[in-house]
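Quick note on numbering: the sequence shown equals residues 1 to 197 in the numbering used here. Cβ atoms here follow ideal geometry from the backbone N, Cα and C, with glycine treated the same way. Each remark here refers to the structure printed beneath this line.
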Amino acid sequence: MSRFVEPVTLTGPQWVSLEPLNDSHSPEIIEAAADVGELWFTSAPTPQTGAAWVSRMTAMQAADEGVTYVIRRRSDGVVVGSSSLFHVDAANRRLEIGHTWHSASARRTGINTEAKLVLLSHAFDQLGCVAVEFRTHFFNHVSRAAIERLGAKLDGVLRSHQLLADGSRRDTVVYSILDIEWPAVRNNLTFRLGRHG
Numbered sequence: 001m002s003r004f005v006e007p008v009t010l011t012g013p014q015w016v017s018l019e020p021l022n023d024s025h026s027p028e029i030i031e032a033a034a035d036v037g038e039l040w041f042t043s044a045p046t047p048q049t050g051a052a053w054v055s056r057m058t059a060m061q062a063a064d065e066g067v068t069y070v071i072r073r074r075s076d077g078v079v080v081g082s083s084s085l086f087h088v089d090a091a092n093r094r095l096e097i098g099h100t101w102h103s104a105s106a107r108r109t110g111i112n113t114e115a116k117l118v119l120l121s122h123a124f125d126q127l128g129c130v131a132v133e134f135r136t137h138f139f140n141h142v143s144r145a146a147i148e149r150l151g152a153k154l155d156g157v158l159r160s161h162q163l164l165a166d167g168s169r170r171d172t173v174v175y176s177i178l179d180i181e182w183p184a185v186r187n188n189l190t191f192r193l194g195r196h197g
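Dropping the structure here:
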């Protein structure tokens with residue numbers, strides 16, 4: 001039986017190529033992680049945790065629980081982040097886009113917008129998803145603003161959703177885009193990319 005989400009390479013028209021993560025990406029992930037900065041509310045890897053992060057994410061892929069992609073900047077071939085398709089619910093044609101992080105050098109460029117356009121196009125146009133979710137920490141205001149700029153709608157807040165390693169509790173903000181909203185969202189993302197040149 002084939003998987004609902006196959007590990008295939010996805011390429012945007014200008015900014016990014018998304019490659020399914022494998023162990024050989026570990027040095028590039030560690031290098032990209034050195035440029036992330038301190039983000040206490042995310043699970044982005046650090047140079048010290050990069051190899052373990054790659055192992056954890058490839059294990060998720062091997063267990064058919066999703067696919068993690070490295071985000072490669074097309075202009076110079078450098079890995080500048082990662083994003084995943086996970087929480088896959090094939091029976092209900094739903095999944096989540098998340099575990100996203102970017103190097104500082106990729107921020108405020110067209111990279112995140114094009115990566116999301118490519119992932120959403122894959123989810124809706126190739127996989128036939130009826131809904132795509134995004135989740136983030138309540139205090140991750142930058143991520144929340146970016147998700148809202150995509151055109152995702154707020155579904156709600158899952159209070160005390162996760163116990164974090166530092167003993168705090170994460171309130172998780174849940175957003176989604178529905179298949180009937182996808183054409184308008186696609187138009188908006190394409191328009192925004194055009195403004196990046």
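Less than 8 Å divides the Cβ of residue 30 from the Cβ of residue 47.
Contact between residue 184 and residue 151 is confirmed by a C-beta separation of about 7 Å, below the 8 Å threshold.
Contact annotation: the region 104-113 does not touch the region 162-179, with fewer than three C-beta pairs closer than 8 Å.
A straight-line Cα-Cα distance of about 33 Å links residue 5 and residue 166. Boundaries of the beta strand (DSSP E) around residue 101: 94-102. Excluding its 5 nearest sequence neighbours in each direction, residue 144 has C-beta neighbours in its own chain below 7 Å: 136, 173, listed in chain order. Taking the Cα positions, residue 9 is about 16 Å away from residue 111. The Cβ atoms of residue 26 and residue 63 lie no closer than 8 Å to each other. Taken through DSSP and simplified to helix, strand or coil, residue 85 comes out as strand. Bridge partners of residue 105 according to DSSP: none are assigned. Each of 80, 77, 34, 88 was checked against the Cα of residue 60, and the nearest Cα belongs to 88. Taken in chain order, the unbroken stretches of beta strand (DSSP E) that lie wholly in the region 160-192 and span 3 residues or more are 169-178. For residue 75, the three-state secondary structure derived from DSSP is coil.
With fewer than 16 other Cβ atoms from the protein chains shown falling within 10 Å of its own Cβ, residue 190 counts as exposed.
According to DSSP, residue pairing for residue 137 in a beta bridge involves 172. Residue burial annotation: residue 73 is buried, with at least 16 other C-beta atoms found within 10 angstroms of its C-beta. Rounded to the nearest whole angstrom, the CA to CA distance from residue 44 to residue 19 is 18 Å. Under the DSSP assignment, residue 20 falls in the beta strand (DSSP E) whose first and last residues are 16-20.
If you draw a straight line from the Cα of residue 24 to the Cα of residue 77, it comes to about 15 Å.
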